[in-house]
Amino acid sequence: MTRKIKTTLLLATCYLLLDSCSNPEPLYQEQILALGALVDISIWGAEPDVARRASTAIAEDFNRIHTTWHAWEASPLTRINETIKSGAAANVDAEMIALIAEAKELSAKSGGLFNPAVGKLIASWGFHSDEPHGPPPDAKTIETLVAAHPSMDALQIEGHTLKSNNPAVQLDFGAIGQGYAVDVAIAHLRKLGIQNAIVNASGDIRVIGKHGGRPWRIGIRDPRGSGIIASVEMQGDESIVTSGTYERFYDYQGKRYHHIIDPRSGYPARGVTSVTVVHSDATTADAASTALLAAGLKGWQKTARDMGVKQVMMIDEQGIVHMDPALTKRIHFEVTPPPKVEIVSAL
Ligand code: ADP
Ligand code: MG
């Protein structure tokens, strides 16, 4: 789940907290480096000491998750992958088993479009590296990897052990790790008595409470630039997660290759540049945003339905916004002229 540290930080805090930058308020803000990315924490209405301690606790959560789930540097996950490849049972701790079980369920609901078992494909495309790079794999390699049908269904969980009946399975939780970490962080903040906060890990965001008397407002990155395209007012405890082809990519011989793979073809997904999902928890929203990006413009509604997500915004390669009416009511475009919008019901 490691990503390169972005020098082009997604959303400056002033963009994110659209209302707050001009107002001195009891707002604590900190940026930490974790999971190989920058995490923005905003806490409203807590004593500075409490807020500082909470930020430190969150940094520890993110770093623990980062080292546990690292997909290519030696980690508990790479040890699990080694073991299950040989058909043996891997001992897995309770936290990891719980997330693997959740990912299995989400993958099944997505019809395999969110498929964390495709680690070999992701590696072959050059994304198991701090600096993604080509050359891209040849057609034969991709065909062989797809034909081996790596799938979460192959995993059997018994107590705290994990087995796979398919040696082609290699787990990579890059699509869900940040959303999961954001959920863990918010649960931790709550435990510490904090009621109003935002945790933002590179566009994977969960909010609780409010910003004083007002709802938190969140900006959604414009896939075509470094600014924001739209903002949404958040209602209490909610997550807003964006997957984008701009997050990790490389150019090779004049062609661009990005990091979200359509497991059906084995190639980077085509047609859509970003997907935003608003949902209660960030883990589900993260899995869904990846699945919907892989689904593409045809058929994403069924995937959304099956995964139980309703509030979806997709931006296609032409810059056209495809949106469910559930989100249309809440979204405010921040660009002039506003983009062309096609309203498509996911229901
Ligand atoms: P973003 O980086 O924009 O937040 P995602 O949440 O979609 O994007 O995560 C992308 C990462 O997920 C990739 O770097 C890779 O590790 C992994 N991945 C790519 N395609 C898939 C897929 N179809 N299913 C599950 N994981 C994937
Ligand atoms: Mg995702």
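To convert a position in the sequence shown, counted from 1, into my numbering, add 56.
Each residue gets a CB set at the ideal place from its N, CA and C atoms; glycine is no exception.
Asked: Is the segment 349-367 in contact with the segment 200-210, if contact means three or more CB pairs nearer than 8 Å?; Found: no
Asked: On the three-state DSSP scale, how would you describe M369?; Found: strand
Asked: Could you work out which residue in T298, D260, S131 and G182 is closest to M369 when comparing CA atoms only?; Found: T298
Asked: Exposed or buried, what is V263 when buried is set at 16 or more other beta-carbons lying within 10 Å of its beta-carbon?; Found: buried
Asked: Select from A360, A338 and V225 the residue whose C-alpha is nearest the C-alpha of F212.; Found: Residue 212 is actually Gln in this sequence, not Phe. Answer by Cα proximity: V225.
Asked: Does DSSP put N79 in a helix, in a strand, or in coil?; Found: The pLDDT assigned to N79 is 46, lower than 50, so where the model puts this residue is not dependable; a value taken from the coordinates is nonetheless given after this. N79: coil per DSSP, three-state reduction.
Asked: For the alpha helix (DSSP H) containing E294, list its first residue and its last residue.; Found: No alpha helix (DSSP H) holds E294; the beta strand (DSSP E) holding it covers E294 to G300.
Asked: At what residues does the beta strand (DSSP E) containing I99 begin and finish?; Found: A93 to W100
Asked: I need the DSSP call for T339, collapsed to helix, strand or coil.; Found: helix
Asked: Can you have a look at L66 and say buried or exposed, based on whether 16 or more other CB atoms are within 10 angstroms of its CB?; Found: Summary for L66: the model assigns pLDDT 33, below 50, so the residue's position carries little reliability; its value from the coordinates is reported in the next sentence. Under this definition L66 is a buried residue.
Asked: Can you give me the C-alpha to C-alpha distance between P394 and K196, rounded to a whole angstrom?; Found: 43 Å
Asked: Taking only heavy atoms of ligand 3 into account, decide whether any of them is closer than 7 Å to the Cβ of E158.; Found: As for ligand 3, it is missing from this structure, which binds only ligand 1 and ligand 2.
Asked: Since S220 sits in a beta bridge, which residues does DSSP pair it with?; Found: L211
Asked: Let me know the beta strand (DSSP E) ranges lying completely inside the segment 229-292, each 3 residues or longer, listed in chain order.; Found: 253-257, 260-264, 273-277 and 284-289
Asked: Give me the pocket residues for ligand 2, defined as CB within less than 7 Å of any heavy atom, sorted by chain position.; Found: A231, I232, G235, V297, S299, D342, A343, S345 and T346
Asked: Could you compute how far the alpha carbon of P193 sits from the alpha carbon of V174?; Found: 14 Å
Asked: Check R326 in the structure and name its three-state DSSP category.; Found: coil
Asked: Classify V331 as helix, strand or coil using the three-state DSSP reduction.; Found: strand
Asked: Under 8 Å between the Cβ atoms of R277 and E289?; Found: no
Asked: Assuming D117 is part of the beta strand (DSSP E), what are its boundary residues?; Found: From DSSP, D117 is part of no beta strand (DSSP E) but of the alpha helix (DSSP H) over P104 to W125.
Asked: Going by DSSP, name the residue or residues bridged to N147.; Found: T217
Asked: So, A241 versus I114, is the Cβ gap smaller than 8 Å?; Found: yes
Asked: Considering only DSSP beta bridges, list what E398 is partnered with.; Found: H378
Asked: What does a CB cutoff of less than 7 Å around G167 pick up in its chain, not counting 5 residues either side in sequence?; Found: T359 and D362
Asked: CB A237 to CB D117, shorter than 8 Å?; Found: yes
Asked: Residues in the same chain with beta-carbon distance under 6 Å from L245, minus the five sequence neighbours each way, listed in chain order, please.; Found: A110 and A253
Asked: Tell me whether E199 sits in a helix, a strand or coil according to DSSP, three-state version.; Found: helix
Asked: Can you give me the C-alpha to C-alpha distance between P279 and G300, rounded to a whole angstrom?; Found: 7 Å
Asked: Taking 7 Å as the cut-off, is the C-beta of V368 nearer than that to any heavy atom in ligand 1?; Found: no
Asked: Taking 7 Å as the line, does the beta carbon of R304 fall inside it for any heavy atom of ligand 1?; Found: yes
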